[in-house]
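I have placed the structure first, in the form of structure tokens, so that the comments after it can refer back to it.
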Amino acid sequence: MRSTASIRTWAKVLADANFPVSSVSRALGARELREDGHSISDLLEAILRFFPLDAYVDKPVAVMDPTPSDKAKGVKVTIWDDYRKIIEKHEAGKGNFDVVERFAFYERAKRAYAVVQTG
Numbered sequence: 001m002r003s004t005a006s007i008r009t010w011a012k013v014l015a016d017a018n019f020p021v022s023s024v025s026r027a028l029g030a031r032e033l034r035e036d037g038h039s040i041s042d043l044l045e046a047i048l049r050f051f052p053l054d055a056y057v058d059k060p061v062a063v064m065d066p067t068p069s070d071k072a073k074g075v076k077v078t079i080w081d082d083y084r085k086i087i088e089k090h091e092a093g094k095g096n097f098d099v100v101e102r103f104a105f106y107e108r109a110k111r112a113y114a115v116v117q118t119g
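For the sequence shown, the working numbering begins at 1 and goes up steadily by one.
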């Protein structure tokens, strides 16, 4: 994947089909990449085979916190269990995510080198 050749402030964002990739990418010039037909789990597995997570931060992986209305409905993000398994497989002890509020996550994503949309 081209995006791994260089690192910007917040590295790479792997996003699902509902994430506003175009607007987030345009904000500060992040590269917008499409990986149609692949899931975040697929890409996470492939990337972690070759590129380790940042060893100098406590939580090198961040996920977007569900909205307050989703939390009130009891919505559980079950895919996070898959992400944890993949991360732990490649990087033992790194499966704890930084759970970031939605709009704060968007702001962090704007500083990424690349935003990769899956789907």
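C-beta atoms are modelled at their ideal positions from N, C-alpha and C, and glycine is treated no differently.
- Taken atom to atom, the span from the alpha-carbon of arginine 49 to that of leucine 43 is near 10 Å.
- Taken atom to atom, the span from the alpha-carbon of arginine 26 to that of leucine 33 is near 12 Å.
- According to DSSP, glutamate 91 shares a beta bridge with no other residue.
- For aspartate 98, the three-state secondary structure derived from DSSP is strand.
- Per DSSP, alanine 17 is not a residue of any alpha helix (DSSP H), being assigned neither H nor E.
- Phenylalanine 19 counts as buried, since no fewer than 16 other beta carbons sit within 10 angstroms of its beta carbon.
- In its chain, beyond the 5 residues on either side, Asp65 have a beta carbon closer than 7 Å to the beta carbon of glutamate 101.
- Put simply, the backbone Cα of valine 75 is about 19 Å away from that of isoleucine 40.
- A distance below 6 Å between beta-carbons, with the five flanking residues on each side excluded, links asparagine 96 to the following residues of its chain, in chain order: Lys59.
- Beta-bridge analysis with DSSP links alanine 114 to Lys12 and Arg31.
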